[in-house]
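One structure is given below, encoded as structure tokens.
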Amino acid sequence: MTTKTNQSHAGYQHVQNSGVPEYIPHDQKSPGPYSHGQQYEFNHSSEEKSSHIYYSTSPGDGTPYSTTPARTYSPGEKMGDAYELLSYPNSNMNFRRTSTFSKEKPKKVLQKGFGFAAYLIHIITLGISAAVLQLSFRFVYWSDDDKWNENRWTLGLSQEEVSNMLQFPAKIHEIFIVTSMSAIIFAIIRRMLIGRRGVPFGLLMGGYQIYSAEYLFSSGFWGPLTYAMWKKKIGMLALSAFIGIAIVYANVVGPCSAVLVVPSLKWWHVPDPFDSRLLTSYVTGPATNVFPTELTSADATWYSDDCSTSNLTSVCPGGGTHDIRELAHAYAKEGVPPTISMAATYGRARRNLWATHFKDTASVNSSSVVMASTVHADIIELVGLFWHYVNSNDGIGLINEIGRPRLTPRKGDKIFSPIVQVQCESVDYYLAREGSVNVTFPMHLLDGFTPTPDMAPGAFAPPVPAMYWDFDHAYNSTNFTWIDLQNMEWEGQKLYSSIAALTSLPYITPYTNDEGLVWFEQSSLLVTCVLDARWAGTEIAYDPVVNDLVITNITNLLNFQDASKDEKVRAKYGIGSYIPIGPPWADLLNPAGIWSWSKNYTELNELPAIEAIFSQFTTSGYANITVSGQDPSDIREDTFRVFGPPTWGALATYEKHVSETVSTMLSLVLADGLSRLSYDWYIYVTMLEDSNPNKLVSVDLYTQAGEANITRLYSNRTAWDLDNWVTLTFEVQRYGWGYGISSKTVIFAISIILLHAAVAISYVIFGIWHWARSRWYSSSWGSIGELVALATLSRETRGLYGTGGGISKWDTWKLDVRIRETGTERVELLFGDRDGVKAWGDHNIIQPGRKYR
């Protein structure tokens, strides 16, 4: 360090130490003690002006030394560097250089007035939050996804670029919220600092660390918190909890703001797609005919003779068996999933018909349950034809301007889909005739919708009457028949299912003779099935620009497993009672004269539809065979046939896989047949004008071939009986970028923003109430720098002894900190006590209107 003496004054020399001037006596090498009540004159020379400043020492009453100047500088003079005397009684004086001596003036800690500026940050933040929330509350829509580049306001930017740019206003929103929360926290801390109780040291620091999640794991937080819990100090506990929650909140609010500021790409509701019209559409028939609760022989007479001949049309209950036969062939040969898309007869819309294997038991290896479903064909027709109408005619409304619309029925429209579950069980025909096994109706697993009788698994097994199976037939042939269950009982129990079926299928059993040759025994397998059919409420959606397939909410049939035990599932889907089905109507599903071929493309004669479907799984071969029940020595080379499930391994699981395959095919046939009920009986219309019940105007959707050929229908409400028709009022959604309350994430984000709004509004209301009560406010020590300055001007406290190198004791953070007067012109931070005496209550409390320096 270089030392340089410039001049001497009053027995002292001016020493320049590395550019920092100090004054020490001539006869001392360091600042020495000075007497109380004495004045010392120091002359500081600068290049412009020489000046004298007089400082007086403290009178020794325990207050710091004063630094009152002996003279005042005139406006024309320039003050050079100033030196402030800071010392305490009985200590060596020390002069330190400061950069702003005369610019800071004494200030009032408690000022008269409302202090509107202190609340401005909260009001601005609330305004920003209100604007952000309005985007979601008002469902503001930006643009269709496929029309993004057509909007001029995008300035040629992509969706990703715009989304990235919106992160900046989201961050600004976050900063305002965190600033507001921080201001609220410190306003509370400030009131406690100048109040009677004070605030724990650790929580005082927490007020400045709202962004620091690390603080939540520090002793500064947990010290006061545990102390408050132990001593049951409610105020301190509440403040600790509030600061902790605020810190977590500050780290969560950023992503929440981004969720609300950046638009989402999804489906958005269109409020008025048809120019203030509903365009309600109808299947012109009662719901009891479209979704009947019973199918008897009388219902079968409604269909023409064509539905029971080879001239099968798509409007017949068995009209889908051609397609199901094709699916069966692919299922048997290639193992494709048992799902097929069925096309509408008139419109473009399509529906999926699918089946799912979902239950079997290890104890009954030959039994299996499969469930199938599809959307009603009339609903598919109406949806497809309606879309064709609105898409082919301009001027319908906003829907004509949407790039990718989606149609969904309005909530309250009653749409039902068939749900069919089938359980089948396989037994050997020869063993059954011998009495070694029983032929029964398998029902013990059909508890998806209706509980089965309270019996042990497998115990409820009503026998199949012998008339349906105990007769001679060719072992290598396939036979199928329906069985009426409606008048059957067993042990006093009614058989609660729609209908039953029995199928005989060919199969062979290999064995080795005495000479070691492998021979085959031609056998027959009896497969008995019980079918349970019901209607279930359905929600659908049609996205015609991308896919002609009508989507349904019944996408996972496993949801219906054990629905009889889950009231919520039954209520959600509106599952009804089983549909009793008579064999005459069921025969419409099995029309005769279907040309077919086997799994290995062997041509077969024309067969009934269901037998033709099962024939796709039949394999023919030529080998040395015997026949079950006949003389084993009667061996001949002959053609054999065997029913081969799509997948099966060990012979022990063969019967089980046969049962699953038959269940799958029968469930598809019945579900598709039920979906075609009333098909082509009625027309499909859309109501154009219905304000006057005596003059209804509609359009016949069948006759669409351009606007000129659309037939308008005129009638009155009474003649058309609209209240009983199957009704669809379409709502429209559009796929694009927008805002709305559309997910749990958005709801959470809104809740987080509203939480701050509630806190800020409460704080402002409290501030108004407090001002009306006391007329004072304070804005002091709003930053950590101001608090550091106050701490520097305060006296050393015993409670902080040993903390110069850090704080390791939790008790230190528990010290109550207060701000109190010292004299009449100064304030200081008190940690725990003042000169060994607790600073409690109103002693030396800050006075309103008084200035402190």
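Residues in the sequence shown are numbered consecutively from 1, following the UniProt record's numbering.
The beta-carbon is built from N, C-alpha and C at its ideal position, and this holds for glycine as well.
- Separation of Leu446 and Val427 (C-alpha to C-alpha, rounded to the nearest whole angstrom) is 19 Å.
- Using a Cβ-Cβ distance cut-off of 8 Å, the segment 786 to 793 and the segment 162 to 169 are not in contact, since fewer than three pairs of beta carbons, one from each stretch, lie closer than that value.
- Collapsing the DSSP output to three states places Glu491 in coil.
- Judged by their CB atoms, Gly799 and Trp142 are not nearer to each other than the 7 Å cut-off.
- Within the segment 395 to 477, the beta strand (DSSP E) runs of at least 3 residues that lie entirely inside it are, in chain order, 405 to 409, 416 to 428.
- Residue environment for Ala719: exposed (fewer than 16 other C-beta atoms within 10 angstroms of its C-beta).
- Each residue's CA atom was taken as its position, placing Leu589 and Cys307 some 9 Å apart.
- Close CB contacts of Gly207 within its chain, under the 6 Å cut and outside five residues either way in sequence, are with Ile185, Phe186, Ile189 (chain order).
- In this structure, DSSP gives Cys256 a helical state, which the three-state scheme calls helix.
- About 27 Å separates the beta carbon of Pro418 from that of Trp490, a gap too long to meet the 8 Å contact definition.
- In the structure shown, the three-state DSSP call for Thr356 is strand.
- Around the beta carbon of Ser240, 16 or more other beta carbons lie within 10 angstroms, which makes this residue buried.
- Taking C-alpha positions only, Leu133 is separated from Val290 by approximately 45 Å.
- A contact is defined here as three or more CB-CB pairs under 8 Å, and the segment 400 to 411 meets this definition with respect to the segment 265 to 273.
- Here Asn694 has Asn716, Arg717 as same chain residues with Cβ atoms under 8 Å from its own Cβ, once five neighbours each way along the sequence are excluded.
- For Tyr496, no beta strand (DSSP E) encloses it, and the DSSP letter there is neither H nor E.
- Per DSSP, Trp769 is one residue of the alpha helix (DSSP H) stretching across 744 to 774.
- Shown here, Asn479 sits in a strand according to DSSP, grouped into three states.
- Assigned with DSSP and collapsed to three states, Leu155 falls in coil, not helix or strand.
- Sixteen is the threshold: since fewer than 16 other Cβ atoms of the shown chains lie within 10 Å of the Cβ of Ala117, the residue is exposed.
- Here the C-alpha atom of Ile741 lies approximately 11 Å from the C-alpha atom of Val140.
- Straight-line spacing of the CA atoms in Leu407 and Gly537 works out to 18 Å.
- Boundaries of the beta strand (DSSP E) around Glu689: 684 to 689.
- Residue state for Tyr714 is assigned as strand, using DSSP reduced to three classes.
- The beta carbon of Ile554 sits closer than 8 Å to the beta carbons of Ser373, Ser417, Ile419, Ala536, Thr538, Tyr573 from its chain, once the five residues preceding and following it are set aside; these are given in chain order.
- The criterion of a C-beta distance shorter than 7 Å is satisfied by Ala355 and Leu668.
- Between Ala287 and Ser675 the beta-carbon gap is near 15 Å, outside 8 Å, which marks them as no contact.
- Taking a 10 Å sphere around the C-beta of Tyr389, we find 16 or more other C-beta atoms and assign the residue as buried.
- Its chain contains Thr339, Ser341, Thr374, Leu549 as the residues whose beta carbon lies nearer than 7 Å to that of Asn352, once the 5 sequence neighbours on both sides are disregarded; these appear in chain order.
- Within its own chain, the residues whose Cβ lies closer than 6 Å to the Cβ of Tyr735, once the five positions on either side in sequence are excluded, are Asp145, Trp267, Arg404, listed in chain order.
- For Tyr702 and Ala461, the gap between their C-alpha atoms comes out near 50 Å.
- The criterion of a C-beta distance shorter than 7 Å is satisfied by Ala609 and Pro591.
- With contacts defined as CB atoms closer than 7 Å, Ala131 and Val178 fail to qualify as a contacting pair.
- Bridge pairing for Gly802: absent [DSSP].
- Around the C-beta of Ala246, 16 or more other C-beta atoms lie within 10 Å, and the residue is accordingly described as buried.
- Contact between the segment 655 to 670 and the segment 378 to 387 is absent: fewer than 3 CB-CB pairs across the two stretches fall below 8 Å.
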